[in-house]
Each structure stands twice: as structure tokens, then as C-alpha cells.
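Anchor point for the sequence shown: position 196 equals 368 in the numbering used here, and the numbering is continuous, going up by one each time.
To start, the structure itself, in C-alpha cells.
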Amino acid sequence: MALHAGGIMVSLVMYGLLQERIMQQPYFDVDDVSKSSPLFFRSSAYLVLNNRIIAVLIAIIMMWLRSEDMRNRAPIHKFALVSLSNTVATFCQYEALKYVSFPTQTLGKCGKIIPVMILGMTLSGRHYTWKDYVIALIVSAGCAMFVLTGNIADHKEKSDTVYGLLLMVLYLFSDGFTSTLQEKLFRGTEMSTYNQMFYVNICSAAISFTSLIFTGELLSAFQFSADHSDFLANSFFLSLTSTGGQIVILMTIKEFGALFFATVMTVRQVISIILSCLIYLHPLTIGQWVSAFLVFGTIYYKDTQMRKAHGHSHAPPPPPPPQKILPLLQVLKIHQRVRKRLPKNNKQPLQKQEQQKQQRHLHQNQLQLRLQHKLHPY
173 MALHAGGIMV SLVMYGLLQE RIMQQPYFDV DDVSKSSPLF FRSSAYLVLN NRIIAVLIAI
233 IMMWLRSEDM RNRAPIHKFA LVSLSNTVAT FCQYEALKYV SFPTQTLGKC GKIIPVMILG
293 MTLSGRHYTW KDYVIALIVS AGCAMFVLTG NIADHKEKSD TVYGLLLMVL YLFSDGFTST
353 LQEKLFRGTE MSTYNQMFYV NICSAAISFT SLIFTGELLS AFQFSADHSD FLANSFFLSL
413 TSTGGQIVIL MTIKEFGALF FATVMTVRQV ISIILSCLIY LHPLTIGQWV SAFLVFGTIY
473 YKDTQMRKAH GHSHAPPPPP PPQKILPLLQ VLKIHQRVRK RLPKNNKQPL QKQEQQKQQR
533 HLHQNQLQLR LQHKLHPY
């Protein structure tokens with residue numbers, strides 16, 4: 173469990189660093205020796221298309237190495253639905269940032285657990301106890317409090333709009349719908365991680381390609397890639413990082429479910445800020461210390477409850493019950509009773525049965541000879 177959560181966080185951190193390098197840092201032409209004309213790459217849809225193509229190729233290689241069947245284990249429209257909901261969630265997430273305040277953004281990023289629980293009940297028929305809801309509320313509120321009690325002076329305050337709030341709600345439910353539907357595909361069919369990864373990324377690549385055609389960014393993005401070899405290398409490593417993150421995320425959803433994945437993505441906000449404070453030597457506020465202990469204490473409690481429920485405690489297993497051994501005299505009596513119930517022919521040895529059969533056959537022949545002699549004496 174910890175390995176899956178760590179893999180998700182490491183892959184997302186690496187992806188964020190590479191994405192920032194591509195989108196925020198300038199590129200220069202080969203002829204521009206003085207570097208006086210910086211160029212910036214702006215087409216995020218082209219990066220998504222590259223990520224999907226690399227993911228499809230790696231999924232094909234992995235299915236071939238593992239000798240897996242490449243036929244779709246579910247109808248194509250279900251894979252397309254996963255891809256479409258993921259695209260809608262991504263669009264709403266970035267579009268909502270323009271129309272809501274920073275506290276609302278924080279609540280949106282930390283409020284992924286409750287929508288996943290609601291969708292799990294409606295789509296997958298899951299049942300949650302009151303403890304699950306309390307834990308979800310504590311973790312979500314603790315993560316939001318951790319972010320909001322830090323230094324947020326750098327964030328320009330803006331007012332919330334109705335359009336922005338609707339986008340945040342649509343983002344939360346689209347993001348939760350994606351992971352819930354992925355979990356349902358795993359539970360409903362014998363589907364491997366790479367089979368789902370292959371078909372979902374094919375649908376996502378088709379959506380990205382279509383959007384690039386309609387916006388007219390495809391040719392210019394291709395030209396930018398051809399003119400800047402360093403951008404091509406960065407985008408390739410970005411695609412590898414994205415594919416690695418997809419593999420870990422799908423394995424996590426398949427093994428532990430969409431709710432655990434939503435919890436990891438929520439707690440990631442806290443861990444990212446803690447790592448940033450450790451690297452740049454920024455002190456944590458008292459509110460951040462309290463909320464961090466609240467979040468990780470709740471997660472530890474949930475983990476111990478899951479271990480007890482699944483029998484993963486450190487206590488040794490109970491010894492097996494002693495087997496009942498019958499005395500020899502009782503075994504002989506049972507054997508005699510069984511022999512008495514068998515037919516008599518079954519008690520006789522096979523050789524004796526053959527002798528009796530031959531004697532009956534010889535007796536029949538003698539009777540036939542006597543009968544013939546009486547009918548034809550001469």
C-alpha cells in the first residue's frame with residue numbers, strides 16, 4: 173500500500189517538474205547564438221497527445237512480453253467514457269482557476285474523497301460505514317486547513333463566481349467518475365492493467381488529435397518539435413514519466429480501489445508542501461503542524477483498521493485444530509461392516525469368479541450334447 177502511494181507521488185512530482193520546464197522555460201533557435209529571441213511552447217494538448225502515444229506503445233510492449241490477449245475486455249464505449257471524463261476533469265480544473273479564489277481552489281483539490289464515495293455507492297453499489305465518512309471528512313478538512321494556514325500571501329485574492337464554482341463541482345465529480353469507472357471495469361471483467369491502459373489511451377489520443385485539428389495547433393506544434401531538439405527530448409521524458417504514473421495509478425485502483433487513490437491524491441497536497449518547506453527551509457506554522465498530525469493520525473488509524481479487517485496483524489495465526497485419529501480396532505470394525513454390505517460376488521477373488529464362469533460354460537455344453545444325442549441317437 174505504501175509502495176503504491178509512494179510511486180504515485182514520485183511520478184507526479186517528476187511530471188510536474190518536467191511540465192514546468194516545458195511550459196515555463198524559454199527555448200531558443202539554433203541560429204540564435206545570443207539567445208535574444210526566447211520562444212515558449214503553449215500547446216498543452218500536443219503534450220497530452222505525445223503522452224497518450226507513448227502510453228499506447230508501452231502498453232503494447234508489456235502485453236506482448238506478458239503474453240496477454242490484446243482483445244478488449246470491455247466494450248469500447250466504456251473506455252471512451254473513461255477518457256472523456258478524464259478530459260472534462262482536466263479542462264474544468266484549469267478553467268476553474270481563473271474564476272475562483274485560492275481557498276476555493278484548495279477545497280476543490282482536497283475534496284476528492286467525498287465525491288468518490290458518493291459515486292461508489294451509486295455506480296458500484298458500495299456501502300460505507302459512518303466511520304468511513306468521518307475519516308473522509310477529517311482528512312479533507314485537515315488537508316484544506318494545512319494549505320490555508322500556511323503562507324498564502326503570494327496568491328492574489330479574487331472573488332468566486334457562479335461559473336467558477338460550477339466548474340469546480342464538475343471537476344470533482346468528473347475526476348471521481350474516472351477512477352470509479354476504472355475500478356468498475358477491473359471488478360467486472362478479467363482485465364489487466366495494460367489492457368485498460370491501451371484502450372483508454374487510444375481513445376484519449378483520438379480526442380487530443382481532434383482538438384489539435386480544430387484549434388489549428390497541430391502543424392505549429394510539429395514544427396516547434398522539429399526546430400528544437402531539446403524540447404523533443406523533454407517531451408519524450410515527460411511522456412515516459414506520465415506513462416509510469418498511469419501504470420502505478422491503475423495498479424493502485426485495481427488493488428485498493430478508487431477511494432484509496434482519492435485519499436492518496438488528497439494527502440499529496442500536504443506532502444508536497446512539507447517537502448517544499450524542507451528543501452527551501454521554510455518553517456511550518458502551528459496550524460500546519462496541527463493539521464498535519466490530524467491528517468496522518470487519521471490515515472494511520474484507517475490503515476490499522478484495514479489490517480485488522482483483512483487479517484494482516486502481526487500476531488501469529490492460531491494453530492490448526494487437532495485431527496481426530498480413530499483407534500485401530502474401530503477402523504477394523506468399520507471395514508467389516510462395509511464388506512458385509514457388499515454383494516457376495518464382490519467378495520470372491522477374480523480368479524475364482526473366472527473358474528465358476530468356465531464351469532457354467534462347460535455344463536451348458538454338456539447339456540446341449542445330451543440333448544442332441546437324444547434327438548438323433550444314430
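Every residue, glycine too, gets a C-beta built ideally from N, C-alpha and C.
Which word fits residue i, buried or exposed, when buried means at least 16 other C-beta atoms lie within 10 angstroms of its C-beta?
i, result
"residue 359", "exposed"
"residue 475", "exposed"
"residue 248", "exposed"
"residue 537", "exposed"
"residue 477", "exposed"
"residue 202", "exposed"
"residue 355", "buried"
"residue 417", "buried"
"residue 413", "buried"
"residue 347", "buried"
"residue 283", "buried"
"residue 465", "exposed"
"residue 287", "buried"
"residue 387", "exposed"
"residue 363", "buried"
"residue 174", "exposed"
"residue 472", "exposed"
"residue 297", "exposed"
"residue 331", "exposed"
"residue 519", "Any reading at residue 519 needs caution, since the residue's pLDDT is 48, under 50, leaving its predicted position unreliable; the model's value is listed next. Exposed: under 16 other Cβ atoms inside 10 Å."
"residue 463", "buried"
"residue 377", "buried"
"residue 385", "exposed"
"residue 480", "exposed"
"residue 424", "buried"
"residue 436", "buried"
"residue 303", "exposed"
"residue 340", "buried"
"residue 291", "buried"
"residue 314", "buried"
"residue 401", "exposed"
"residue 293", "exposed"
"residue 343", "buried"
"residue 442", "buried"
"residue 183", "buried"
"residue 305", "exposed"
"residue 357", "buried"
"residue 178", "exposed"
"residue 372", "buried"
"residue 281", "buried"
"residue 228", "buried"
Check the DSSP bridge columns for residue i and list the partner residues they point to.
i, result
"residue 199", "211"
Please report the Cβ distance between residue i and residue j, rounded to the nearest whole angstrom; I am assuming they are in contact, meaning their Cβ atoms lie under 8 Å.
i, j, result
"residue 431", "residue 285", "7 Å"
"residue 176", "residue 428", "7 Å"
"residue 470", "residue 307", "6 Å"
"residue 415", "residue 230", "5 Å"
"residue 261", "residue 350", "6 Å"
"residue 375", "residue 251", "5 Å"
"residue 389", "residue 218", "6 Å"
"residue 367", "residue 245", "6 Å"
"residue 445", "residue 345", "About 26 Å separates the two Cβ atoms, so there is no contact after all."
"residue 352", "residue 295", "6 Å"
"residue 422", "residue 365", "5 Å"
"residue 161", "residue 316", "Residue 161 lies beyond the range of the chain shown here (173 to 550); nothing can be said about it."
"residue 336", "residue 420", "So it is not a contact: roughly 31 Å between Cβ atoms."
"residue 180", "residue 259", "That belief does not hold up - the Cβ atoms of residue 180 and residue 259 are roughly 20 Å apart, past 8 Å."
"residue 410", "residue 191", "6 Å"
"residue 196", "residue 321", "About 28 Å separates the two Cβ atoms, so there is no contact after all."
"residue 220", "residue 467", "Between residue 467 and residue 220 the Cβ distance is about 31 Å, and since that is not below 8 Å, they are no contact."
"residue 235", "residue 242", "6 Å"
Tell me the start and end of each unbroken alpha helix (DSSP H) in the segment 382-416 that is at least 4 residues and wholly inside, in chain order.
-> 390-399
Three-pair Cβ contact test at 8 Å for the segment 452-468 versus the segment 216-228 | no
Complete beta strand (DSSP E) runs within the segment 289-349 (minimum length 3 residues, chain order) | Segments of the beta strand (DSSP E) lying fully in the segment 289-349: there are none.
Between the segment 255-262 and the segment 384-401, do at least 3 Cβ pairs fall closer than 8 Å?
-> no
Counting Cβ pairs, one atom from each stretch, are 3 or more of them under 8 Å apart for the segment 258-269 and the segment 398-405?
-> Between the segment 258-269 and the segment 398-405 there are fewer than three inter-stretch CB-CB distances shorter than 8 Å, so the stretches are not counted as touching.
Quick one: complete alpha helix (DSSP H) runs, 4+ long, within the segment 207-282?
-> 216-237, 248-268 and 274-282
If you scan the segment 422-471 from start to end, which runs of the alpha helix (DSSP H) of 4 or more residues do you find wholly inside it?
-> Runs of the alpha helix (DSSP H) inside the segment 422-471: 430-452.
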